[in-house]
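One structure is given here, and the rest of the page talks about it.
Protein chains in written order, with the working numbering: chain U, 13 to 663; chain X, 673 to 1545.
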């Protein structure tokens, strides 16, 4: 029989035994967890009910501590109002968190806070028992502050208290205890002397993330953001410097890592926010990392402008970087954009990059610079560049330091070559391809990633979950492609132009053409035979029209042109925009979309996939209006209007 | 109002900015409800406890638990799988005008089965189902608010929705129930959601509500809140793009399911939270208070749209995305599209926008697995799959029959895909899947690259495993051939040694050793004894064509072969041309013509041989190979259970049943067919219970008289590559023993003592060196039967008996001498000369010589009876 988990003392001997066990430490009792013992006939007092209440609260608090302290959801701090008017507003999004002491802090709806309205909070100060210091003048405060949440309780809603004697006086007491949350501003212990705002941010990041300090952390408060205020003016807001979220920690660890996963993730997000705060000019000109950062997380963003291709660099054409110190080994690579997430995830466990480390340490540091591109573009780059990775050399300052003595001697004795050999021509072509690929990638990130490439610290000991097995290429049924295309030629006479024309193309282009037109997305819809064209028919006709343009290009450009069509029509969700357009309008407009003449206009506009893409981000009334515009422009044969409907018509 | 817990120990310079909700003396109940304000009862003496107060306290505790539960990721923790069950009933048509029955009516009944499990909703409330639940989808209510967006303006349903009426799915069908048609506006995709609810059955009865002063006489009303969940259909939200469910208005588009799933997956990659702007730079760049962010530059990609939560996420726990066909019957239930793994710590804010998280990645993998598993096997190849899938997850599990490694073909991905395949150790699969799961999904309409991993247990892993047409280097063949030769040589050597052990053991102990038929260490291609026959000493016979019978063998073997009922006679044989039959014959005592005589008895395989006596039993046909042909030039093992001889083929009785008889004769017969043949006879022996022993091996048994009916038989060595020197070095050479044998010293002994009374003749047999003649020895010589060990024992016994005679004679002579001395010299002197004091004592005690003689005889017997261990040298 197992030992009982509830012990009741109902005899003298049992009491003696229990006392003995308590004295010897065999049974330990937590006096903080005390609840009433109920029985029929017991006189129930307020104290009993309070004890019951407190017991549950203590258990919940202990459970919350077991979950860990931090933000459970929401509680994001953002900016509102307008800084230009010097009336900055902080907005705390609704959410929930746990303080290190295990108390829940909860904000039900977005709460705006005005930094300029601090005088109003003096009332709150007094009520909460905070004593004002003489030097804490409001208007001109300067320094670092942690915005934090504290659990507060106050009583409200008076209810009558009934007298227990005949001559007692009836009084009124608050009937409810409201569990509220106070938003407080706590000074961050700033031990630095005079320094500018950027230096301050870099230094604090170093203290918190690199050195692992935990200044200003309170047992009873949940930090949400760090602010730097200069004479009452908000200079920067850094949320992830102090905000930590509750989440899964990897359970397998050797215990050697100095930083928990939550801290590393916060650092990465802090870095992204920090880069976002750097002004546009610095980003477009490029800057050395040391200008804004003391330490960098093992993976992060760097301005693409700090990378340039120099065909005339000493020692031959080279990629040069000016972001990292010159002693750092750099390599550049194009990667598919969807792989960045797993690269970031995998690299977070690596040691950070200390930009102020000694030369010996920096010399051992190796960094990979990544330019995200789409998969189709990567395929093209592989063909054009032969290799999508390349060593990056530091721009001029560190060159001498990195050059081996033997290299220097060889260069002394080397005469400039004047003969133009076939190798040189090839090398020049390759240089030009690199130059244009880099410029293209820089342009792409300018639009999508605020002009930044990614950097990832490389492992000293490379390991991959990569299989070493020999690969075997499997064939599909190539006859399926021919059969599919032939079926489409039979069903849609316009397809005949494609097959007839492609027959005269270079063989590789011919294969790509068949690949393109065998895609399921360009299939012949069941209602096509009855002249009711579906979305896939519309897209196919669009591709045929674009193909006609490609067919007119010189042979050497045909491949690129067909690949470009394949890229535009290879979008994963292509067609859902037109489906949404059709679904958003009434039957008459739907009929227009199925009308062969309307489809023909959409096809010749050359922007059929772009219209689809535009429709995908719209909803509700916007979508309906857009659908009507598209349908009417196409019905009117107004190709120019169709083109103007999308932001960026193709060249 | 009173602050109960303030900031008791503020940090220097700490300033509270606000309190949420603001400090106030009154917080109204509706405010508590609307703003989710946390509160509890302030309990003090003299306060009134109303049901409102107690309910508030209850609600506060539930609310706190739910808040804390939000630290756990929302979703299905385990179970809650949904299955669709369809049954079709055909009823005969009703009789119409003229009594002609109308067409039969087909009714399809669809029901859902929800399996037990539990889950937790995003708001922290959990649901649990303890038993399998079967329900009709038409009985489930449709979520009014979401439905309201689809209902056309002016429809009466709006009023019902506004009133909060429960509208069941079945109600939204047009009245002609047998040919149910959904109302036009209904979306063909809905999500089944388990909405946490709490239920109390409250009957408006005065009796139940009146307090009866809590006396025992009156039962207190048993009213309680009970937690549970309600199943709700949540239609696809109107404001989200819904893929067209059909192309022709009747048949469901096979891609509908995949499109719906990926609409949800794509949406889930968008950032969920309203992040707002955290960059002071961005705020400074905005133009006026509360302005939207600056306009995008030309060409700049729009920021990813923020994800609005799907309605079902806010209502409860989604269980499955269900697609409906034209009659609005459930066509599929896609679980992975909406179900996410719940329980455990939830994920933090994503590191990158648009990346998704592991719950989404896992769902994508599960969705494909679920949908592929539901397809019939015939529809899992590329042309069929394209009609079901537009998108596939970046990592997943493929059906086994999608790949054909021998033909190097795959039929799962379109031909436009570049598919590479690699073997991978099984334990690495999860790590590789985890690495690829976050990547972009595969688009079957585009060209792409895929790597197929074939998981194999680590012990079978080889990088080249799938390279099936690899040419084997000739060295392998050479080495295998060398090792096979070596193995054969060892087997032959083992066999030769066994035969010598047979000989020595039989000679020493009189028993033939037995060996396991199946060598436990044998390799699959190893033929054991058949292989070993290659070097055995065998007998060759040449028989001419034309139904010619030939036999040879031996008779009168002194080392007989005992047969027991479990034995099977076993003989090895080989021939170079087909023969009509083979036989093995011995002689047993049997009843024939009313007399008990020695009769030939044996077995034959194939055609019945002529002149083979009355007890020849057919032991089956000659063995054949895979082509049904009798194999030539290969060793065969023929087996015949000796119990077959118990049957009397000619109706005659066998006087001595075959049990426990010993045979001394064996003849090997052959009957040729149209062609002559060379037959080689190998070993012969018995097989019993998996143990075999050989009687005829390198030579006939000792004492045998060889015989043949026509033509000679010759002993030869079936040279298996064993040299004579090797053969000699393996031990006793058996080549010298050919039919007759010379036992050396024993023969000399026999010659010397043959005629002596009680001499050795009995032990070593009569006619010891006889080499011919038919006469059997009158007494079987036990030397051959029982072996040397038994002979030694017997000789020992004889020597001991002779010793006894001598000893007794000597004792008697001593007694007589003592008595004589006693008479001549007196007792004292006679005793001195007596060597044994015991004898003297005996003589002195006995007065008469007769008595003394008896006493001495008794003493001798007693002394003999004592078991005195022999003195070791």
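Glycine is no exception: its CB is placed at the ideal position from the N, C-alpha and C atoms. Model, not experiment: these values are computed from the prediction.
Chain X within 8 Å of residue i, Cβ atoms only
{"i": "residue 248 of chain U", "result": "yes"}
{"i": "residue 146 of chain U", "result": "Legend: pLDDT at residue 146 of chain U = 41, less than 50; position of this residue unreliable, value from coordinates given subsequently. No, its Cβ sits nowhere closer than 8 Å to a Cβ of chain X."}
{"i": "residue 485 of chain U", "result": "yes"}
{"i": "residue 199 of chain U", "result": "yes"}
{"i": "residue 123 of chain U", "result": "yes"}
{"i": "residue 601 of chain U", "result": "no"}
{"i": "residue 74 of chain U", "result": "no"}
{"i": "residue 91 of chain U", "result": "yes"}
{"i": "residue 219 of chain U", "result": "no"}
{"i": "residue 655 of chain U", "result": "no"}
Residue i vs residue j beta-carbon contact at 8 Å
{"i": "residue 488 of chain U", "j": "residue 1089 of chain X", "result": "yes"}
{"i": "residue 76 of chain U", "j": "residue 21 of chain U", "result": "no"}
{"i": "residue 697 of chain X", "j": "residue 168 of chain U", "result": "yes"}
{"i": "residue 684 of chain X", "j": "residue 192 of chain U", "result": "no"}
{"i": "residue 1252 of chain X", "j": "residue 1208 of chain X", "result": "no"}
{"i": "residue 1062 of chain X", "j": "residue 931 of chain X", "result": "yes"}
{"i": "residue 468 of chain U", "j": "residue 355 of chain U", "result": "yes"}
{"i": "residue 1134 of chain X", "j": "residue 1095 of chain X", "result": "yes"}
{"i": "residue 591 of chain U", "j": "residue 540 of chain U", "result": "no"}
{"i": "residue 1460 of chain X", "j": "residue 1221 of chain X", "result": "no"}
Whole-Å CB distance - residue i paired with residue j, under 8 Å assumed
{"i": "residue 1232 of chain X", "j": "residue 1149 of chain X", "result": "Actually they do not touch by this definition, with Cβ atoms about 49 Å apart."}
{"i": "residue 353 of chain U", "j": "residue 385 of chain U", "result": "That pair is no contact at about 15 Å."}
{"i": "residue 1310 of chain X", "j": "residue 1254 of chain X", "result": "7 Å"}
{"i": "residue 301 of chain U", "j": "residue 336 of chain U", "result": "6 Å"}
Residue-chain proximity (residue i, chain U), Cβ-Cβ < 8 Å
{"i": "residue 938 of chain X", "result": "yes"}
{"i": "residue 674 of chain X", "result": "yes"}
{"i": "residue 981 of chain X", "result": "no"}
{"i": "residue 1365 of chain X", "result": "no"}
{"i": "residue 1040 of chain X", "result": "no"}
{"i": "residue 951 of chain X", "result": "yes"}
Members of the stretch 1082-1095 of chain X near chain U, C-beta cut-off 8 Å: Answer in chain order: 1082, 1083, 1085, 1086, 1087, 1088, 1089, 1090, 1091, 1092, 1093, 1094, 1095.
Within 9 Å of chain U by C-beta, residues of the stretch 898-920 of chain X in sequence order: Against chain U - using a Cβ distance shorter than 9 Å - the residues of the stretch 898-920 of chain X are 910, 911, 912, 913, 914, 915, 916, 919, 920.
Residues from the stretch 1109-1138 of chain X in contact with chain U, defined by Cβ distance under 9 Å: 1109, 1110, 1111, 1112, 1113, 1114, 1115, 1116, 1117, 1118, 1119, 1120, 1121, 1123, 1124, 1125, 1126, 1133, 1134, 1135, 1136, 1137, 1138
Any 3 or more C-beta pairs closer than 8 Å across the stretch 904-922 of chain X and the stretch 858-871 of chain X: yes
Residues from the stretch 1001-1021 of chain X in contact with chain U, defined by Cβ distance under 7 Å: 1016, 1017, 1018, 1019, 1020, 1021
Short-range partners of chain X found in the stretch 613-632 of chain U, where Cβ spacing is below 9 Å: 627, 628, 629, 631, 632
Touch test, the stretch 831-843 of chain X against the stretch 919-930 of chain X, Cβ-Cβ under 8 Å, three pairs minimum: Short answer: they don't touch.
Chain X contacts made by the stretch 50-83 of chain U, where a contact means CB separation under 7 Å: 57, 58, 61, 62, 65, 68, 72, 75, 76, 79
Contact between the stretch 73-93 of chain U and the stretch 49-61 of chain U (3+ Cβ pairs under 8 Å): no
Residues of the stretch 527-561 of chain U whose Cβ lies closer than 7 Å to any Cβ of chain X, in chain order: 527, 530, 531, 532, 533, 537, 538, 539, 546
Any 3 or more C-beta pairs closer than 8 Å across the stretch 781-794 of chain X and the stretch 823-830 of chain X: No, they do not touch.
Against chain C: residues of the stretch 691-716 of chain X by CB proximity under 7 Å: In the structure shown, chain C cannot be found, because the protein chains are U and X.
Contact set between the stretch 163-179 of chain U and chain X, restricted to residues whose Cβ is under 9 Å from the partner: 163, 164, 165, 166, 167, 168, 169, 170, 171, 172, 173, 174, 175, 176
Contact residues within the stretch 728-743 of chain X, judged by C-beta distance below 7 Å to chain U: Per Cβ criterion, the list reads 733, 736, 739, 740, 742, 743.
Positions along the stretch 678-691 of chain X whose CB lies within less than 9 Å of some CB in chain U: 678, 679, 680, 681, 682, 683, 684, 685, 686, 687, 688, 689, 690, 691
Contact set between the stretch 98-117 of chain U and chain X, restricted to residues whose Cβ is under 7 Å from the partner: 103, 105, 108, 116
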